[in-house]
Amino acid sequence: MPKSRTASAARKQLIVKAATCTSTALVVLLGITAGAAADFTPEGAKTQATALMDPTELPRSGGDSGASDGTFSAGQPQPTTAQSSADDADTEADVAGDDADAEGAGSAPADSPGDPLDVTVEKSSDDIRVGTVRAGMTSSTEEELLEDLGTGVFPPARSLAEAAQLNRPDVLLVTGITSDGDEEIAETLRSKYFEVGQNGQEGLDYPYVYAGPSNSGNESGADLDGDGVVGGPGDSIGYGEHPGQHGMILFSSFPIEEKGVRTFQEFLWEDLPDSAAGSSEYSDLERSVMRLTSAAFWDVPLTVDAGEDSERTVNVVASSLARPQDPADVDADRGDDERRMIADYLAGEAWYLTDDDGDPAPGTGSEFVYMGEPATQYDLPGSANEDLAELLDSQAVQDPEPEAVTEEPLSSRSVGSGGSQSRATRAVDDGMDVRSAFILPGASMDIGDSGVFWPAEGEYGADLVQPGSDQAISDRLVWLDIPRS
């Protein structure tokens, strides 16, 4: 099995300022940046934002990334569009945190504490980088999130973009974000945040976007939670307070092979062999509408430049689960079965599975990378990840086990970091941090450096990941390099 080099081991040889990555560099980023245990909420302080101002000069105060689950249709790759400007004048950006007007937060890197070279690793032009990050923008509805993002200065989106710009992914899977059928959220985030340099960073160009469907928050028409009333979050196909609440968006610098995209939102839980649906308390009617996927499960093939006028197809297999705040609302049996289905698909053994077009889908392509959130926070006790064993132990994948890229050992950090393992991607209040975001390449693929974006206090970008920080996004970004040829 190919072996990986961790970011911490390779940093001394490879670290170069992240903002200098060339435009031809191939990067696939599917990761989760974590700073706070909970998603941003729409409540919080308000800050006046004027779109006529340069977003790179505005305070980078953190905020509410209230997540909303908008369901994207199996959309087309989006071409690059120009950023809008004056139309957003005099709008308000919702911000969560104690101080919405944190002074100096928008200054250039030279004025910020620490050195960005200590918290990331240069990506070689011979590599592609894949990564994933949880945005934590699920509290707001589709309309509310679009209004916030439309200002161009929504603090949670600026923090998300800055973390990505520091680590320079060419392909980024964003989980924990409201999705919409018109893909307006994806396009607005791409053009007004990723393309625009944040806090002195260089913007990222993602000409291709895929924002597929999500089951979270979509009404089932049945009383699934047994409260005697049809309707509400617990009666959704996947738990959600509004449609598309726990969605995903894939941003890519590589073309998407549209005809090869597969989604798995319609596959019924009871159609999984030996599923727990038959032994559950659900009635026959309820089982007839219960999908196995609680949020989203996609397979998106990318055409990657392999150098010397050659190309290769790399399939991004992405998933996330609906994420209720109350553990009583988590269907553990369904989550276990969903992970088993993903493991079967990656191994090419899902003979029973059909995609949303009704076609047999026993497995993915020969070269693939699984990225996303295969479990809720309630499935991840400490660092054990017992519920992930079937996926992590699969012979079809390898685990690069990315670790924090930092000059300061976790053992020397404050209590806020919880004595966590170095691979943790989510901070947990009053408990051990957990590894919730995963990048698992195919077992036969060569891999390179990997890392978790987790600066210590005093290091560059620490405010983007530290629990309690106004600027912190939901989880920590995780990334992996793969040789392009």
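Numbered by mature numbering (1 follows the signal peptide of the UniProt record, and there is no 0), the letters in the sequence shown go through residues -37 to -1, 1 to 448 in order. The C-beta atom is built at its ideal place from N, Cα and C for all residues, glycine as well.
task = Please specify which runs of the alpha helix (DSSP H), each continuous and at least 4 residues long, are wholly inside the segment 105 to 134, giving them in chain order.
result = 105 to 113, 118 to 130
message = Pairs of beta-carbons, one from the segment 210 to 229 and one from the segment 402 to 417, closer than 8 Å: are there three or more?
response = no
key: Spatial distance of E312 from A306 (CA atoms)   = 8 Å
key: Nearest-angstrom Cα separation, counted from L187 out to W442   = 37 Å
task = Quick one: measure Cβ to Cβ for R386 and F416, integer angstroms, because I've assumed they're closer than 8 Å.
result = Their Cβ separation, rounded to whole angstroms, is 12 Å, which puts R386 and F416 out of contact at 8 Å.
ask   = Is G33 buried or exposed, if buried means 16 or more other CB atoms sit within 10 Å of its CB?
value = Low per-residue confidence applies at G33: pLDDT is 30, beneath 50, and the placement is therefore not dependable, though the value from the model is reported in the following sentence. Buried, since its Cβ has 16 or more Cβ neighbours within 10 Å.
request  = State buried or exposed for S238, treating a residue as buried only when at least 16 other CB atoms are found within 10 Å of its CB.
outcome  = buried
task = Evaluate contact between the segment 143 to 150 and the segment 122 to 135, counting only Cβ atoms and requiring at least three cross-stretch pairs below 8 Å.
result = no
task = Could you work out which residue in V116, G431, G195, Q358 is closest to R389 when comparing CA atoms only?
result = G431
ask   = Helix or strand or just coil, what does DSSP make of S437?
value = strand
key: Unbroken beta strand (DSSP E) run spanning I305, endpoints   = Counting along the chain, I305 falls outside any beta strand (DSSP E), though it belongs to the alpha helix (DSSP H) covering 295 to 309.
ask   = Less than 7 Å separating the beta-carbons of D133 and R92?
value = yes
ask   = Does the separation of the CB atoms of A240 and A258 fall below 7 Å?
value = no
query = Of all the options E274, M395, L235, G326, which has the alpha carbon lying nearest to the alpha carbon of I219?
reply = E274
inquiry  = If I follow the unbroken beta strand (DSSP E) through T95, where does it start and stop?
reply    = 90 to 100
key: Beta-bridge partners of P323, as assigned by DSSP   = T317
request  = Can you tell me which of P79, D268, N181, R250 puts its alpha carbon nearest to the alpha carbon of D143?
outcome  = N181
request  = Can you have a look at K222 and say buried or exposed, based on whether 16 or more other CB atoms are within 10 angstroms of its CB?
outcome  = exposed
query = To the nearest whole angstrom, what separates the beta carbons of D262 and R225, a pair I think is in contact under 8 Å?
reply = 4 Å
key: Residue closest to L316, alpha-carbon to alpha-carbon, out of S242, I436, E233, V397   = E233
message = I believe S215 touches S199 by the beta-carbon criterion, under 8 Å. Please report the beta-carbon distance rounded to the nearest angstrom.
response = At roughly 29 Å, the Cβ-Cβ gap does not stay under 8 Å, so S215 and S199 are not in contact.
inquiry  = I need the DSSP call for P170, collapsed to helix, strand or coil.
reply    = coil
message = Measuring alpha carbon to alpha carbon, tell me which residue in A126, E330, S282 is nearest Q164.
response = A126
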